[in-house]
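Notes to accompany the following structure.
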Amino acid sequence: MAKRAMEMDKPNGPVAAAMLAGGIGMAAMGLVTTLSEASESIRQSLAWNPAVGPLTGKVLVSTGVFFIAWLVLHLLFRGKEVNFNTYFWIAIVLMAIGLLGTFPPFFELFAPE
Amino acid sequence: MEITPRETWTVLHGMLFGAAFLLAFGGGLAGLYSLRPEWVTVAGIQERMTRLKVGLWVMALVAWATVFTGTFIVYPWYRAAPPEGTANLESFPRSFLLASESTSGWHTLGMEWKEHVGWLAPIASTVVAFAVTYYGPVLARKANERRALMIFFIVAFLTAAIAGLFGAFINKIAPIV
Numbered sequence: 773m774a775k776r777a778m779e780m781d782k783p784n785g786p787v788a789a790a791m792l793a794g795g796i797g798m799a800a801m802g803l804v805t806t807l808s809e810a811s812e813s814i815r816q817s818l819a820w821n822p823a824v825g826p827l828t829g830k831v832l833v834s835t836g837v838f839f840i841a842w843l844v845l846h847l848l849f850r851g852k853e854v855n856f857n858t859y860f861w862i863a864i865v866l867m868a869i870g871l872l873g874t875f876p877p878f879f880e881l882f883a884p885e
Numbered sequence: 003m004e005i006t007p008r009e010t011w012t013v014l015h016g017m018l019f020g021a022a023f024l025l026a027f028g029g030g031l032a033g034l035y036s037l038r039p040e041w042v043t044v045a046g047i048q049e050r051m052t053r054l055k056v057g058l059w060v061m062a063l064v065a066w067a068t069v070f071t072g073t074f075i076v077y078p079w080y081r082a083a084p085p086e087g088t089a090n091l092e093s094f095p096r097s098f099l100l101a102s103e104s105t106s107g108w109h110t111l112g113m114e115w116k117e118h119v120g121w122l123a124p125i126a127s128t129v130v131a132f133a134v135t136y137y138g139p140v141l142a143r144k145a146n147e148r149r150a151l152m153i154f155f156i157v158a159f160l161t162a163a164i165a166g167l168f169g170a171f172i173n174k175i176a177p178i179v
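Chains as they are written, first to last, in the numbering used here: chain A, 773 to 885; chain B, 3 to 179.
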């Protein structure tokens with residue numbers, strides 16, 4: 773049974789969709805964090821929970837973006853064979869945006885004087 | 003021997019959930035790396051696959067539990083502002099750290115980095131858990147996809163490790179009590 777399962781092939785679309793959605797979610801976290809640092813009004817608008825502050829909006833927005841992007845991309849890529857490397861590298865660039873945007877010495881560059 | 007509710011939640015967040023994720027990483031990475039048809043028998047792949055799927059989903063759930071408890075339960079105690087005129091800031095970790103130039107970096111770099119970057123770990127680990135579940139034993143023949151998943155998995159580990167390391171240091175210098 774395992775041998776038969778190994779010999780079967782599965783389209784890579786759903787995995788490419790998940791990776792791309794992961795990259796989008798991470799980039800969203802980086803962007804929201806940097807925007808929140810750059811603008812006091814954005815910062816205030818993200819403080820949905822007074823005890824947690826703007827971090828509430830940052831994490832819920834980026835988590836929401838991840839799951840919504842995943843759902844949409846999954847429906848688009850379902851059952852399809854796509855160029856995996858292209859989507860993987862796009863996901864890596866988005867991941868790098870997420871990593872950079874959540875690094876304090878970077879996002880503090882955008883803080884108002 | 004006593005432990006306050008705040009300390010209990012801090013331990014759950016850091017020592018139980020966070021540390022469990024970091025400790026499980028080695029097993030998960032080894033499982034992904036060694037999932038090759040030339041190294042493992044068909045029966046071996048089947049046996050590993052079940053373990054890998056369960057392990058990766060548990061890791062993803064634990065990563066989500068870590069960031070949710072950290073952000074919505076522990077963090078408010080960390081950032082609580084002291085009432086006007088409070089001289090002893092020990093119960094207000096953020097203010098305590100910022101009050102001295104020698105400790106302010108633990109907040110401005112450590113906590114600011116930790117509270118954001120930690121959220122990348124559950125996203126990356128969920129992607130890996132889904133992909134392994136979706137492919138199943140077929141993943142053994144897909145070297146390219148397996149390499150990509152290992153990169154996601156390593157990013158999940160590194161981001162969780164940054165968050166965990168700073169969390170441990172900050173809680174040592176300005177504990178939540």
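Here a beta-carbon is modelled for each residue, glycine too, at the ideal position from N, C-alpha and C.
Under 8 Å between the Cβ atoms of residue i and residue j?
i       : j       : result
F154(B) : A126(B) : yes
W108(B) : I172(B) : yes
A163(B) : L24(B)  : yes
V833(A) : T73(B)  : no
A887(A) : V854(A) : The structure shown does not extend to residue 887(A), since chain A spans only 773 to 885, so no value can be given for it.
A62(B)  : T128(B) : yes
V44(B)  : S36(B)  : no
G873(A) : T828(A) : no
V130(B) : A158(B) : yes
A89(B)  : F860(A) : no
S93(B)  : L100(B) : no
F132(B) : A800(A) : no
Report the rounded CA-to-CA distance for residue i versus residue j, giving the unit in angstroms.
i       : j       : result
F879(A) : A21(B)  : 28 Å
S104(B) : L18(B)  : 30 Å
L167(B) : H118(B) : 14 Å
P786(A) : L792(A) : 10 Å
P39(B)  : L843(A) : 32 Å
H15(B)  : G802(A) : 23 Å
P78(B)  : R50(B)  : 41 Å
V837(A) : E812(A) : 22 Å
A123(B) : G112(B) : 17 Å
V60(B)  : L845(A) : 24 Å
T10(B)  : M798(A) : 30 Å
W820(A) : T110(B) : 22 Å
I814(A) : S102(B) : 29 Å
F98(B)  : P826(A) : 20 Å
G794(A) : F27(B)  : 19 Å
P95(B)  : A82(B)  : 8 Å
P7(B)   : Y80(B)  : 14 Å
T161(B) : A65(B)  : 11 Å
M816(A) : A67(B)  : A small correction: the amino acid at residue 816(A) is Gln; Met does not occupy that position in the sequence shown. Rounded to the nearest angstrom, the two C-alpha atoms are 26 Å apart.
F849(A) : G29(B)  : 31 Å
V902(A) : A810(A) : Since the first and last residues shown for chain A are 773 and 885, residue 902(A) lies out of range.
M780(A) : P822(A) : 52 Å
T71(B)  : T835(A) : 15 Å
Y137(B) : T52(B)  : 12 Å
L847(A) : F839(A) : 12 Å
Q48(B)  : L871(A) : 35 Å
I5(B)   : G46(B)  : 45 Å
L818(A) : T858(A) : 33 Å
I156(B) : A863(A) : 14 Å
G87(B)  : S808(A) : 29 Å
M3(B)   : K174(B) : 19 Å
Return the bridge partner residues of residue i from the DSSP annotation.
i       : result
G825(A) : N821(A)
Does chain E have any CB closer than 8 Å to the CB of residue i?
i      : result
Y77(B) : In summary, chain E is missing from the structure at hand, where the protein chains are A and B.
If I'm right that residue i touches residue j with Cβ under 8 Å, what's the distance once you round it to whole angstroms?
i       : j       : result
V69(B)  : W121(B) : 5 Å
R148(B) : L34(B)  : 6 Å
L91(B)  : P84(B)  : 6 Å
V140(B) : K55(B)  : Between K55(B) and V140(B) the Cβ distance is about 13 Å, and since that is not below 8 Å, they are no contact.
A841(A) : I796(A) : 4 Å
P876(A) : W115(B) : 5 Å
L31(B)  : M152(B) : 7 Å
F882(A) : N146(B) : Between N146(B) and F882(A) the Cβ distance is about 37 Å, and since that is not below 8 Å, they are no contact.
K852(A) : P783(A) : 6 Å
Worksheet item: Taking the runs of the beta strand (DSSP E) that are 3 residues or longer, which of them lie wholly in the region 39 to 72 of chain B?
Response: none
Worksheet entry | Every unbroken alpha helix (DSSP H) within the region 76 to 131 of chain B, with a cutoff of 4 residues, ordered by chain | 77 to 81, 95 to 100 and 114 to 119
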